Structures are given as structure tokens and as C-alpha cells.
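Chains as they are written, first to last, in the numbering used here: chain P, 14 to 303; chain C, 726 to 1135; chain S, 2 to 245; chain A, 51 to 380.
Written out below as C-alpha cells is the structure these notes cover.
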Amino acid sequence: MHLTLLASQFLIGLSVGMTLFVVAAGLTLIFGVLRVINFAHGSLYMLGAFLAYSVASFLGPAGFWPAMLIAPLVVALVSLGIERGLLRFIYDREHLIQILVTYGLVLVFSDLVQIVWGTGFKSLAPPPGLAGYVTVWGAALPRYNLFLFAVGILVAVGLALFLYRTRMGKICRATATDREMVDVLGVRSSRVFAAVFVLGGWLAGLGGALVAPTVSITPGMDVTIIIEAFLVVVIGGLGNVWGALVSSLILGAGESLGVLFLPRLAVAWPFFIAAVILIIKPSGLLKSVW
Amino acid sequence: MSGKRHFTILAGLVSLALVAALVAGCGRTPAAGTGKVLKVGIIDAYSGPASSYAKDALDGFKLGVNEVAANGGPKIDFVTRDDQFNAAKDLSWAKELVMQEHVDVVAGLMNSAGALAVASYADQQKVPFITWESMSAQITGSHGGKYVFAMPPNTTMIGNADAKEMAGLPYTRYWLAGDDYDYGHSVVNSFWAALQKDKPGVQKLGTSWWPVGETNYTPYLNVIRAAKPDVLFAGTGGADMVSFLKAVQASGLNKQMAVLDHTATDPSTLKALGADAPVGVYGTSDYLSYYPATNANKDFVAAFKKAYGHGPGFPALYGYLTARFLGAAVQKAGGVNKTKLAEALSGMTIDSPVGPVTIRAGDHQLETPMFFGRTAVQAGRTTLVMKNPVEIPAAQIMPSLASVLASRKK
Amino acid sequence: MLRVEGITRSFSGFRALAGVGFDAERGRVTAVIGPNGAGKTTLFNVLTGHLKPDGGRILFQNNNIAGAKPHQVFRLGVARSFQLTNVFNRLTVLENVQVALLSRAGRSGSLSRGSLSECAARARELLDRVGLDGWAGQNAGRLSYGDQKLLEIGMALAGRPELLLLDEPTAGMSPEETAATAGLIRRLPGEGVTVLFTEHDMDLVFGLADKIVVLNQGLCIAQGPPDEVRAIAAVQKAYLGVEA
Amino acid sequence: MVRPAGLFSSNAGVTAPGPYGGAWPSVGAGAVLLFLPAVLPDYYLYLMAGIFVAALLAVSLNFILGYGGLLQLSQATFYGAGGYAAALVLTRTGLPFWVVLPAGPLTAGVLALVTGWFCVRLRRLYFGMLTLALGQLVWALAGRWYAFTGGDNGISPIPLPGFLSSPRGGYYLALVVMLASLAVLYRLVRSPFGLTLQAIRDNPVRAAGVGIDVQKHQLTAFVVSGLFAGLAGVLHVVVAGSVDPSLLDWTKSAEVLIMLLLGGMATFIGPAVGAAILVLLSMVLGVYTGYWLLVLGLILVVLALFLPQGIVGFLEERLSEKNPADRAVR
């Protein structure tokens, strides 16, 4: 086995992980601040992909970039509706009720998407500049994967700036570690919660829109991503954004290398990695904010 | 509070619910079995990623039903049930359709596991069952029987067809890959078995299996690329085909090796991809709306377009053929007696958009041709097409009856 | 009865216990005092196995129980109440005590309903002892704060402990409840129970304790009878001085 | 958890007579269920048998979730394990049918012991996620091991003895096994073991403080719950006649969780009622609408918002308000 293959495989895995991170970051943020287990996060991701498809096909060949901008914003709006109309009533309920309410939303969205967009296969082409591939270490890395990798880093940096440099971000971190803090700081906690949920929804929508050019956009995208995103959030340490980053990369790289060494087990690989990590580190890789 | 009281609550609620269900059930008149109207119960994945095929097949079926009636044939009634691509649900619905709706025929079924369970159940209940989407060879194989019928070419036939054509090309080094699912494994295995027979000396460099619903094929393709095979043979289907071809295009794999996949040239896939589809990918199709350019096919496509505003895919053909076969069977059997229907269907031949097709008497697998070719750009079209399709007659790809019947003896 | 030798315990670099050592004698009431953050609750958690010590020995009746699990410690005869109330909220008051009794009898895994009725009488007796007999059927979560603390003592007593650890037993109690609790604690040595408790209420400490152990910054800086301890300069500086 | 409404919050350990005096209502209800096959058409017997299977599965989950407080997100793993064990014994060995009744639950129980051993070390959501990850590993294995489990095609048809191959036979077996299992589980809940389990659910730290070996107790409950889920899996094989990996999938586990919410987790019988409602809803509504999931989703949201104690929990609260005497412990 060539070392270059190993290296390129690893690199591809990191790019896979970065996409996962964009989705999981939103989920873990919501976990940390709102303490809500949002199963519908995958649905928002799916919605992002479908909206990106619609915007791009409406605008024609130049529609890609506007789609990346508009789709996540629409998803953020939908998130605001969900938070104000539904979730804020269940903040103090137990986890299971939250899981069931948001799972109810998953069911609703899966049928709604089908009603709105129909059943045919849908696909969105990457823009010309991001089509094709570059050769690195003898491997053909799709330009779009590199783009995803770059966006993942941008999102991570953006989140870091938000969490550590802005007032809102500081409030979020304070809330995550100590709930009563918000009230002490004299902030309306409902505002913080709504803002964080909208931000999380925006990230989910962004993830969906970003992934759209690499997949077939179908109902069912939601369940594929949600379990993996949950694994990431939990093994990273609940509510810890950097834990989510680390575990996304581990899962991505692990799956990619798994394809190389144990091709027969690709299906089971993410669950296997997650189980092993949880058995070794029973409360996640990094410190949970809970 | 005592446990007994809870039991009473349970019994009371269950009884209430049951009464509600009975009332709901009584509203439906069991029209079946009485007159000349044939009642078909359809189970398919009307929600989820596979719903695109299910809807296409149902459209084709409706077209066939109308055509049968317009030509003075029997009236065909039908009800549909959504299985959400869940095999356990398939069997529940089959039982509901048979025991409650008293349907004369059960049809549909894309989920292989569900199709197999329903096939066994229908055969045991002596209710004709026709699958119009599931491609498992076991349906007419180990699970076959007097009342079990399959329209689409099964995985053995697909493997045979692909092997037949690839044997004539100068490739020897293969990488085999596919969905980590019965469809993928069966297509790959039958292809490789047939190819080794047709072209001794071919070499297998490795295999990859990816999960159904995989969102990123790049890691797999990178490994395959590094092994430098002549051909990547992939057994992937359904919505995943779109993602797979995107990854092939994005990594330029089709420029480094020959890529072959059964549904790569399927119009529904190529239509979704538009200009983003890879050129020069080999594929087989069981149905193309533009080939053969016979009047029968043109009429079918025109009628379908008129009814639904878009062209038919391969599921539409099998839905349509199911309706046509059933219409002819009712006429031949002189009524809707289930046993007579099954006997009438066996060995029956009708004209179709792809020429005359026959339900093979020995195993009830439809004998239907396949088309082989490569994706190419065609002037004036926004989507790729299969260029210069080669028709592979059914006779060349059907599994031998002896081998099918052998699989039934257990 | 209990001899603690050189117990250490750190939390990510912070030494909460830096080598604590003291004795508690059989049939006596011993108080552990010290300013906030002195390590009292950490010490209790180490003593009952809820935390593992980094080093040192805990000799209970000459057996080293350092590092044993909480349920093992309990079965050896060391019971405790918690600083923050800690009852089984959704069980009744009676059931709370029954659970502890069953555990003590090694019958937690029993499938026989008989064991439940067998211990019901003893449970009522214990409730009577802590003054909660009127609340047996109430959900424990609905009790007042003070009553929950009493219930905790009742549960601890269900273990027929030889050593009872009470972490701030009267915190948050009304004066009447405090007096009742003090009376209860005073009676315990006569019933064969050795008591070790922490408390902020200095009147209570000096009124109840036969011996006082003073912790400061994770170290035992003094131990002895109340009068002696009151006189030690270090204590006055570290603790009592603050009070004054 | 939802606030308890009656059953286990009151007189556990006390053998009080039922408020209606005697067992007549139960006998009456039992008689109705016993003689239903005389009047019901086959399809309804099949449907009822399906409800019994789901009811047992739901109550088995509630044992570990509602009473044990462990966030088991993968109960279907043990349901499927029991079903697969039964299917494999019946198709691959010549053993008589009665062997599968213990074989299914035993397989599920062993699997629960192995997975539970890892899981009980973890808390809350971490526990839930590990059950899910391990469960999905089992699912992946069952769906890929073509030579042994039939892979994603599952196993069908499964030969059953003559008396069970009719809907009536399936109905009676499912009824009897379900009632017997519920009786056993009910006794467990009311036993010292069950009371201790509920104490652990309320406060694991305190439970350890009164000498309870929390992890051992939880593991035992986990295995018991898995055993009964496995038994439900065996019943599924009898009623449906086939198994496939969808029995083991997390979406199946989610379905069982929905049953718990529908019926109410704080009551013993609530989950069984929830199971009945969900099965009937899916089969009746599915006839009329292709958008059954949309309807179910809306029901879930509304229920969780306005009736979080579930339907039985709600009924119990109403009944208790009318009979305040029930509340008081004798």
C-alpha cells in the first residue's frame, strides 16, 4: 500500500468530516445552550438542500452562489418559526418529550417535502469553477470537496469568533455552563434561545445546501444525516462545539480509512467508531458543557 | 390503584379502538370476487427516496388500466398502500389487502425483502402476485410459485446482460463495487459469475461496498482509482445512482477507466443530472423511451406524456405491462377467478412497446430484452442519452429454467 | 471506630484534600467544621465512596475502606445524608425508607412482595423516629425542604449504621425543625450510632459535638473537645476569627 | 420523566383490594378477548395479534425507561434479536416450535447482557447514544450476513406448526404470552426489585448511598427488559411469518417510543394502550391517506405539548380526582 494513497484517503476523510461538522455544530450549539435535543435538525438540513435546488434551478446557470446564500436564510426563518411556535414550550420538559416532539417534526417535514417538491430525482450542479478535480499525491480530489473543507474551516473560525468575541457569543457560553447566568446578566433568555436556535438552523440549512451538489436530493436525506450528526455531538461531548469538530474529523477520517482497510464494513464503521469511543470515554472526548 | 383496573382500561380502550376500526372497515364494500371487475391491491414505497419509481410505475399501471378498458377489455379497480419501503409493513398490507379488501391480485413492491415475504404469502393464499419493481432473482427463484410473477429483469438477468456485452470488449482487470444491499451484491455476483464463463482469464482486483444512501463516494473512488483497474463495475441503483455518477464526474473516474453500472444510462437518472452527468459511462437499461424507435414505443410514450406531462421510465413500462397482462388474463380466464388468472398469466405473450414479451411458463419471469450502450451528449438535448443502444434479446439473458427450479428445492 | 489517615484528593490540579487525618470515637458525636471550600463535602464523599481518594487510608473498624464503592460502604455500616436534599422524589415517604431497609437486608433484588410488607412496620417505626409518620403516603418530592432532610436521616438510619455521616443536617431548616433535628442527633449515640457531621451553625456544633475537627484548605488544622478547639489560635485565625 | 399518576407512586408493597372490589372487570375483559375470535373476521384477529405483540414490546421498553429511567433508544435491537433467533431455529433446525419460545428471549437476553454491560457505565444521553450505536451495529450485521441471516432480504417464509399458521392460532398465542408477560412484569414492578429500580431512576447517587449496587441493578433490569422484547420478537414471527432487518432498525425503536408517549410512561398499562392506538392508527389511516406520517407527526407534537402524561396517564388523573381516596395510602 502506498503512503500517498493513505495520505490522500486521510485528506478526503477530513473533507467528509468537515461537512459533517457544519451540520453537527448547529446541533451541538442548540444542545449546549437550549438543552433541547433537536431531532428535526436533519430535516432542516434536507430543507436546505431542497431549497438550494429550487433557488438554483429558478435562477439558472448562475444560481449556485445565490442558492448558497438564500437557502440557509430561509431555513433559518423556518427555524425561528419552529422555536417560537413550538420548542419554547418544551424547554423545561424532559429529554424524551423533546425527542418525540422533534421526531414528530421529522415525520411532518418528510411528507411536506414530498408534497412540495414531488418524487423525482433532483440534482444541483456545482458551479464551473468548482467542478472537476485537482491531483494531489496522485489522488483525484474533487474541487468541490476541497471547497467543502474550506467552508468547514470558515465555519469553525466564524463560530470561534462568535463565541469568544461577541457579546452574544459570550452570553451563549455562559448560558451553556450556567443557566441562571443569563438572568443575572440581565438578558432576556428567550432572545438568546431563539437566536441560538436560528443560528443552529442556519448551519443545518447551510450544510444541506453545501452538500446538495454532491448528492441526489431526496426525501430520506434527513435520517441519513441525523444519526451521524448525533453520534458526532455525543462523542464530542454534549454541547461542546470543538468536541463536535474533533469527532467529525475522527468519524470522517475513520470512515475514509475504513473504506481502505475494511471495505466490507463501511456500513457499520461509524457506529463502531462511536461505540468504541463511548466505551473508552463514557462522557465524550471533550468536556461536556452540561 | 390496582393493576386490575389498568387491565380494564386497556381492554376498554382496545375494544373501543377495534369498534372504530370495524366501523371504518365496514364503510368499504367488498366488491371483489363478485362481478367482472378485477380488484388489484398495490403496495409500494410512495414515500421516501424510492417514491419516484413507485409513482412512475403507478402512472404506467393507470395508463394500462385505461387502455384495457378503452379497448373493450375488463374493468380493473385498484387500491394503493404506502409501505415506506419497510418490509414488515409490506406483509401487513398484503394481509390487509387479501383478508380485508379481498383483492384478486396483489401488485407493486420495490422492497426486495417485502416482495419475498409477500410472494410466499400470496402463493400460500393462492392470490396472484406481480412485482413490477423488485429485481431480486429469488422472487421467481426460491420464493417462486404458481401465483408469483415478476415483470422487471432480475439481478441474474442484469448480470448476464452486462457480462455478455463486456466480454466483447478488450478489458480484463475489474474492480467490483456496489450497494451493500441485496441488489448490489446479487448484480455483482451474477455479473462476475457470467463474465468468468464468457471470458475466462478476467481478473478481479478488489471489491467495495457502500451503504445505501451514501452521501460521499470520493473515499471509495479514490481507493478504486489507485488500484488502476480497466473497468469499475458498480451495482448501484435508485436515487443513489445520481450521487454515484456525480462523484464519478467530479473525480474524473470515467476518463481513467471504463465505468459500468446497470442504471447509469437510465433516463430518470440522466435527467436529474443534466449537463453534470459523466460522458462515456457504460450502462444497461431495460427500457428507453427513445429506443426502439418503433410505432408501439412511440405510441406508448406519446400516450404517457399526454397523461402525465413527462416521459415514462422503466417502472412505468412494468406498471403498464402488468395492467395489460391482467386485462388479457381476465379475458382468457373468462372472469376473475384467482387460480384461473394465475394459469392464464403463465406463458402468456402480449405485444409491448419493446416488442412481444412473454411470461415464461416455467418460472413466471417476464422475458424482456435489455439495451446496452454508453452515455453521450446528443445535439439539441439538455440531458445525456444512451448512444447507439444495442438490444440484447431476452433469450440471451434469461437464467436457465433448470437452475431456477433447482433453487426452489430446499 | 473511624480513623482517617493522610487522605488526598485533587480536582484538575486543585487540592481539595491535602492529607487529612483525624479520629472519630465510637458512641460520640464528632463535628467537622471549616470555612467554605475547606473540603468538608469532598471529605464526606471520599468517606462514603462517592469519590475515590488519590491517596491515604480510611480505617473503619480497622478495615481500610478507601476506594470502596458507595453501596459497599453502606453495607459495612456507614450511612450518610447529603448536603443538598437527596430523596427519591417520585416514591412515597414510606417507600423511600423501605428501599433503604431492603438494601440493608440485602433484598433489593428480591421479587417477593412479602419482603415489602415485612419491612413496612420497621419503616413506619423509623418515620416515627424522625417525626415523619404522618407523611408516609405522601410523595417524597412534595415534602418541605426540612422534612426531606429528616427523611434523609431516616433513610440513613434504615441502614442500622454504626457510623452516620450528616452533611449540614439543619441547613435551610426552620428553628423548630432545627431543634427537633438536634434532639434526634443527641439521642443517636445512646442507640449505638456514632455520628460525624458538618455544620455552619456554630451554636449547634458546640452544643452537640463531643469532638470537633477543623479543616482548612484541605488540611486538618485541629481536633479535640470543643473547649480545646475553641482555644487554639490557628482555628481562631482560620475560621472563628472570620466569624467574629 | 413525567409526573407519576397513581400506580407505582402509591401503595406499592401493600396488598390492597382493587377499588372495584374483586377481579370481575378483569375476568370480564379477559373473557371478551378470549371469545373475540368467534365473532371477528380473520383480518381483525391478525390486527389484534399485532397489537398484542406491540403491546408487549412497548411495556418491555417502559420497564427500563419509565421505571428504570434509562434512556434506552434501541429497544428494537432485542425485539429483532428474539425474532431472528426464532426464525433461524425454525428454518434451520428441525427443533419443535416450543423451543423458540425460550430461545428467542434467551438470545435477546444474552445480547442485552453484553451490550448492557458497556452501557450502564454511561449516563443519560451518553447511555442512550451507546445503546443506539451498538444497536445499529447489530442491525448492520443482520443486514449484511447473507449466509446466516439472509441479509437485507430477511427470512421468509418461516414454517410454523399447523395450529399457529392461522390468524386465530397467532391471536391466541400472542394473547396468552402477552398477558402472562405483562403479569410477570407487573409483579416485577411492584416487587422490592422494582421499587429499588424506581428509586435508582429517581436518584442514582442517593440509591448508591443507601447501599444499592446501582449498575448491577440497572444491568439486571436492562436484561429483563431485553428478554421480554425478545419474547415479543418471537410473537412477531408467529404473527407475521417473516423477519427482516427493519425489525432491528432505530426507526422501529422510535416507533416504540412513540407508543410510550401516546399511552403514557408513568403508568404500567399506558404503553400497551399506546401500542394499540399506534398499530390501529397506522393500519386504518394508512388506508385513507398516503400522508400517514404527516398525520402521526402532528399527533405527536400536539400530544407532547398538551398531554405529555399520555392518554392513560390523563385518564388516571381524571379518575383519581374523582376518587381522592385512591390517592391516600390506606
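The beta-carbon is built from N, C-alpha and C at its ideal position, and this holds for glycine as well.
Note that the structure is predicted; figures quoted are calculated from it, not measured.
Any beta-carbon of chain C closer than 8 Å to the one on L212(P)?
-> no
Per-residue burial, Y338(A) [other beta carbons within 10 Å of its own, 16 or more giving buried] | exposed
With respect to the alpha helix (DSSP H) encompassing S776(C), which residues constitute its N-terminal and C-terminal limits?
-> S776 to A795
Secondary structure at E192(S), three-state DSSP: helix, strand or coil?
-> helix
Contact set for F19(A): own chain, Cβ-Cβ below 8 Å, skip 5 residues either direction = Not covered by the structure: residue 19(A). The range shown for chain A is 51 to 380.
What are the residues of the region 820 to 841 of chain C that lie near chain A, defined by any Cβ-Cβ distance shorter than 7 Å?
-> K820, E821, M824, Q825, S837, A838 and L841
Residues in its own chain within less than 7 Å of L145(A) by CB, not counting five upstream and five downstream?
-> V139
Name the residues in the region 939 to 960 of chain C whose C-beta lies less than 7 Å from a C-beta of chain P; which are they?
-> T940, N941, T943, P944, Y945, N947, V948, R950 and A951
Out of L60(S), R58(S) and S82(S), which has the shortest C-alpha to C-alpha gap to Q149(S)?
-> S82(S)
Can you find a C-beta in chain P that's less than 8 Å from the C-beta of T1100(C)?
-> no
For the region 287 to 302 of chain P, which residues have a CB atom closer than 8 Å to at least one CB atom of chain A, in sequence order?
-> A287, A288, L291, I292, P295, S296 and G297
Would you kindly work out how many angstroms separate the C-alpha atoms of L40(P) and F23(P), rounded to a whole number?
-> 25 Å
Which of helix, strand or coil does DSSP assign to Y221(A)?
-> helix
Check whether the region 929 to 947 of chain C touches the region 972 to 989 of chain C, taking contact to mean three or more Cβ pairs, one atom from each stretch, closer than 8 Å.
-> yes
C-beta contact flag for P799(C) and K851(C) at 8 Å = no
Evaluate contact between the region 94 to 110 of chain P and the region 202 to 216 of chain P, counting only Cβ atoms and requiring at least three cross-stretch pairs below 8 Å.
-> yes
Taking only runs of the beta strand (DSSP E) that begin and end inside the region 1080 to 1129 of chain C, which ones reach a length of at least 3 residues, in chain order?
-> 1082 to 1084, 1095 to 1101 and 1110 to 1117
For H15(P), does the count of other Cβ atoms within 10 angstroms reach 16, so buried, or fall short, so exposed?
-> exposed
7 Å Cβ shell around S231(A) - same chain, five flanking residues per side excluded | L106, F278 and L281
Mind checking S113(S): buried by the 16 CB within 10 Å criterion, or exposed?
-> exposed
Quick one: grab the DSSP three-state call for L144(S).
-> coil
Can R242(A) and L117(S) be called in contact, C-beta distance under 8 Å?
-> Residue identity differs from the one stated: residue 242(A) is Pro in this sequence, not Arg. Yes, the pair counts as a contact, with Cβ atoms nearer than the cut-off.
May I ask you to list, following chain order, the residues of the region 239 to 257 of chain A that have a beta carbon less than 7 Å from some beta carbon of chain S?
-> R240, S241, P242, F243, L245, T246, Q248, A249, D252, N253, V255 and R256
Alpha carbon to alpha carbon, what distance is there between L278(P) and W1136(C)?
-> Since the displayed chain C opens at 726 and closes at 1135, residue 1136(C) lies outside it and no answer follows.
Going straight from the alpha carbon of I1117(C) to that of R1106(C), what length do you get?
-> 26 Å
Give the range of the beta strand (DSSP E) segment to which P155(P) is assigned.
-> A152 to P155
Tell me the start and end of each unbroken alpha helix (DSSP H) in the region 828 to 907 of chain C that is at least 4 residues and wholly inside, in chain order.
-> 837 to 850 and 880 to 892
Using a Cβ-Cβ cut-off of 6 Å (strictly less than) and excluding sequence neighbours within five positions of T17(P), which residues of its own chain qualify?
-> W150 and G151
Measure the CB-CB distance between D848(C) and G866(C) and report whether it falls below 8 Å.
-> no
Interface flag, A101(S) vs chain A, CB-CB below 8 Å | yes
Distance, G926(C) Cα to F803(C) Cα | 51 Å
If you draw a straight line from the alpha carbon of G1210(C) to that of Y906(C), how long is it in whole angstroms?
-> Here chain C has residues from 726 to 1135 only, and residue 1210(C) is not among them.
Output the boundary residues of the alpha helix (DSSP H) element that contains N1020(C).
-> N1020 to Y1033
Distance between Q73(S) and G130(A) (C-alpha atoms, nearest Å) = 37 Å
Establish whether the CB of S111(S) and some CB of chain A are separated by less than 8 Å.
-> yes
Residues of chain C with CB under 9 Å from M315(A), in chain order?
-> None at all; the shortest Cβ gap to chain C is about 14 Å.
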